[in-house]
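Asker:
In this note's numbering, the protein residues as written are 136 to 544.
Set out below in C-alpha cells:
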C-alpha cells in the first residue's frame, strides 16, 4: 500500500517564526544535506519534515530512538507526553537519558537531549499521563501519534482518539526478545481494535518491568516506528498500514502479516458503537499508570496485604509461616529473603505444584513488586486456599525497608 503524505501544516512555521513562509537556513541546508541530495526527500521533503508536528506518547525505551531520530531528521515540532522520572533501571535501554538524569522527569531530560541534537526544532512537553480527559486536546495539535507506551489502557486510548481525530497511529510493542510494529487509523486500513478487539486478560501478559526486555530491542522497534513516521510525512514508500511486523531478536527473524479493516469494529467500523473516549482502565481491567485511581489490591480478591515490617515481626514470632517466592529461578541469584527459608515455585507452576503447600499454614506470597504474587493468590483461592497474604511491594520493598544489603532490580 503506497503511503499518502501528510499535508503540510500551515501553522507549523509559527513554531519558531510566526507569519513567515517555511524555509531552510544555510545551517539547516548543511545539517540536512544528506537528505537534500536524495530525490525522494530533497528540499521539498525537508520542508515537509520541518512543517510536521509529531506526538510521542512515552519517553522511555521506544521513545528514545523515536525522539533521537525524528529530532535529527528535522521534524519541526515534537510533543512528548510522559509523567515518569528517570530511574537507574531505565538506563539499560532508554538511551535518551543518562546517569546524571536519574530522578529527573523524563520529559525534561528528553528536552535537554533533543535540543542538543537539533536546536532548530521546537519541543512541547507534557509532564502528565495521557488520559481520556486530556487526550483529544493534546492529539488534535499534531499530525500523527507514535506509541511508546507500555500498557494496554493507554494504547487503546491512543487508538480511539486517533480514529476520532483522523490521525495516524504508529504502533510499537516490545517484550523480552520480541517486538511488533504497525501503522493504524489510516482511512484505508485497520485500527488497533480491528486486530485486537479486546485486551488480553490482566493476568496473562506481564509488563516489561515484570518480564524484562532485551536492552537493544526498543532501539530496533523504535527506529522502525521513526522510519514509518518520516515516510508518512514525506509521502514515500510502502507503509505498514494493513500489515503487522513481528520481530524475533533471538532468531533474527522479521515476518509480516496482512491485517484487514473490520467492518464491525466498534470504533472505526461501518456502524461504530463507541463514539467518545471511555474509561480504558475499566475496559482493560488494569491501571494505565501509577497515578491511576484504579488499584489492584490483595483485599480486592479476598486476601490480606502484609507490609515488609509486619512480615519481619511474623518471622520473628512463634507462629509458623510459609514464604512462597513465585519469582523465576534465575531471579533468586539477584536477591533472597534471608531472614527465613522460603519455597520457590515460579508463578506459572504454582497450580500444578500446589500439593507442596500446606493449606493449614499462613502463606505469604511474594514476587519482585507484589503484582505477580496477587495473580498467584487469585488462582490459589480458586483451589480452596484461604490463609493467603500478599507482600506489598514484593522483595524490592523488603530490600528497601528491611535488608538494605539486597539490591533493587
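Even for Gly, the Cβ is constructed at its ideal location relative to N, Cα and C. All of these numbers come straight from a predicted model, not from anything done at the bench.
I'd like to know if the segment 481-499 and the segment 396-403 are in contact, where contact means that at least 3 CB-CB pairs between them fall below 8 Å.
Answerer: Result no; under three Cβ-Cβ pairs closer than 8 Å.
Asker: Taking the beta carbon of residue 179 as the centre, do at least 16 other beta carbons fall within 10 Å, making it buried, or is it exposed?
Answerer: By the 10 Å Cβ count, residue 179 comes out exposed.
Asker: Which residues share a DSSP beta bridge with residue 307?
Answerer: BP columns for residue 307 point to 316.
Asker: Using 8 Å as the cut-off, can you tell me whether the segment 346-360 makes contact with the segment 156-166, which would need three or more C-beta pairs spanning the two stretches below that distance?
Answerer: The answer is no - the segment 156-166 does not touch the segment 346-360, with fewer than three Cβ pairs under 8 Å.
Asker: Should the segment 242-254 be regarded as contacting the segment 285-303, the criterion being three or more beta carbon pairs within less than 8 Å?
Answerer: Touching, no.
Asker: Taking the beta carbon of residue 383 as the centre, do at least 16 other beta carbons fall within 10 Å, making it buried, or is it exposed?
Answerer: Answer is exposed; the Cβ neighbour count stays below 16.
Asker: Measuring CA to CA, which of 503, 514, 509, 540 is closest to residue 531?
Answerer: Of 503, 514, 509, 540, the residue nearest in Cα terms is 503.
Asker: I'd like the list of long-range same chain contacts for residue 588, defined as Cβ closer than 7 Å, with 5 residues on each side in sequence excluded.
Answerer: Residue 588 lies beyond the range of the chain shown here (136 to 544); nothing can be said about it.
Asker: Using 8 Å for Cβ pairs, my map puts residue 183 next to residue 369. What's the rounded Cβ distance?
Answerer: Indeed, because the Cβ distance is near 6 Å, the residues count as touching under 8 Å.
Asker: Take every Cβ of the segment 294-310, pair it with every Cβ of the segment 318-330, and state whether three or more of those distances are shorter than 8 Å.
Answerer: Yes: the two stretches touch, three or more of their Cβ pairs being nearer than 8 Å.
Asker: Between residue 447 and the rest of its own chain, which residues show a CB-CB distance below 8 Å, the 5 nearest in sequence each way excluded?
Answerer: 474, 537, listed in sequence order.
Asker: Could you pull the start and end residues of the alpha helix (DSSP H) that residue 508 belongs to?
Answerer: Run containing residue 508: 507-517, per the alpha helix (DSSP H) assignment.
Asker: Return the chain-ordered list of same chain residues with a C-beta closer than 8 Å to the C-beta of residue 430, the five sequence neighbours on each side being excluded.
Answerer: Model confidence at residue 430 stands at a pLDDT of 49, short of 50, so the residue's coordinates are unreliable; what they give is reported in the following sentence. So the list reads 422, once near-sequence residues are dropped.
Asker: Taking the beta strand (DSSP E) that residue 329 belongs to, which residues open and close that run?
Answerer: That residue, residue 329, is in no beta strand (DSSP E); its alpha helix (DSSP H) goes 327-330.
Asker: On the premise that residue 376 lies in contact with residue 420, defined as a C-beta separation below 8 Å, what is that separation, rounded to the nearest angstrom?
Answerer: About 30 Å separates the two Cβ atoms, so there is no contact after all.
Asker: What number of angstroms, rounded off, separates the C-alpha of residue 440 from the C-alpha of residue 454?
Answerer: So the alpha carbons of these two residues sit roughly 18 Å apart.
Asker: For residue 257, write down the residues that DSSP places opposite it in a beta bridge.
Answerer: In DSSP, residue 257 forms a bridge with 212.
Asker: CA-CA distance, residue 275 and residue 411?
Answerer: C-alpha separation (whole angstroms): 14 Å.
Asker: Taking DSSP as the reference, what is the three-state secondary structure of residue 502?
Answerer: Residue state, collapsed to three classes: coil.
Asker: If you follow the alpha helix (DSSP H) that residue 247 is in, where does it begin and where does it stop?
Answerer: Unbroken alpha helix (DSSP H) run through residue 247: 241-252.
Asker: Ends of the alpha helix (DSSP H) at residue 531?
Answerer: Residue 531 -> alpha helix (DSSP H) spans 529-536.
Asker: Roughly how many whole angstroms lie between the Cα atoms of residue 311 and residue 158?
Answerer: Going from the Cα of residue 311 to the Cα of residue 158 covers about 43 Å.
Asker: Short check: CB of residue 198 to CB of residue 228, under 7 Å?
Answerer: Not a contact, by the Cβ cut-off of 7 Å.
Asker: Start and end of the alpha helix (DSSP H) containing residue 355?
Answerer: Here the alpha helix (DSSP H) through residue 355 covers 352-369.
Asker: Going by DSSP, what residue range makes up the beta strand (DSSP E) through residue 457?
Answerer: Segment 456-460, the beta strand (DSSP E) holding residue 457.
Asker: Can you tell me whether residue 544 is buried or exposed, with buried defined as 16 or more other CB within 10 angstroms of its CB?
Answerer: Exposed, because fewer than 16 other Cβ atoms sit within 10 Å of the Cβ of residue 544.
Asker: Where residue 194 and residue 523 are concerned, what is the direct C-alpha to C-alpha distance, given to the nearest angstrom?
Answerer: Answer to the nearest angstrom: the Cα atoms are 38 Å apart.
Asker: Rounded to whole angstroms, what is the Cα-Cα separation between residue 359 and residue 326?
Answerer: C-alpha separation (whole angstroms): 18 Å.
Asker: Alpha carbon to alpha carbon, how far is residue 542 from residue 470?
Answerer: In a straight line, the C-alpha of residue 542 is about 7 Å away from that of residue 470.
Asker: Count the other CB atoms, across all protein chains shown, that sit within 10 Å of the CB of residue 424; report buried if there are 16 or more and exposed otherwise.
Answerer: Its Cβ being crowded by 16 or more others within 10 Å, residue 424 is buried.
Asker: Return helix, strand or coil for residue 392, following the three-state DSSP convention.
Answerer: Strand, per DSSP.
Asker: Going straight from the alpha carbon of residue 527 to that of residue 515, what length do you get?
Answerer: Rounded to whole angstroms, residue 527 to residue 515 spans 18 Å at the Cα level.
Asker: Roughly how many angstroms separate the alpha carbons of residue 266 and residue 234, rounded to a whole number?
Answerer: Near 30 Å, if we compare the C-alpha coordinates of residue 234 and residue 266.
Asker: From residue 492 to residue 216, what distance separates their C-alpha atoms?
Answerer: When rounded, the distance between both Cα atoms is 46 Å.
Asker: Measuring straight from C-alpha to C-alpha, what distance separates residue 378 and residue 394?
Answerer: Looking at the two C-alpha atoms, the distance is approximately 5 Å.
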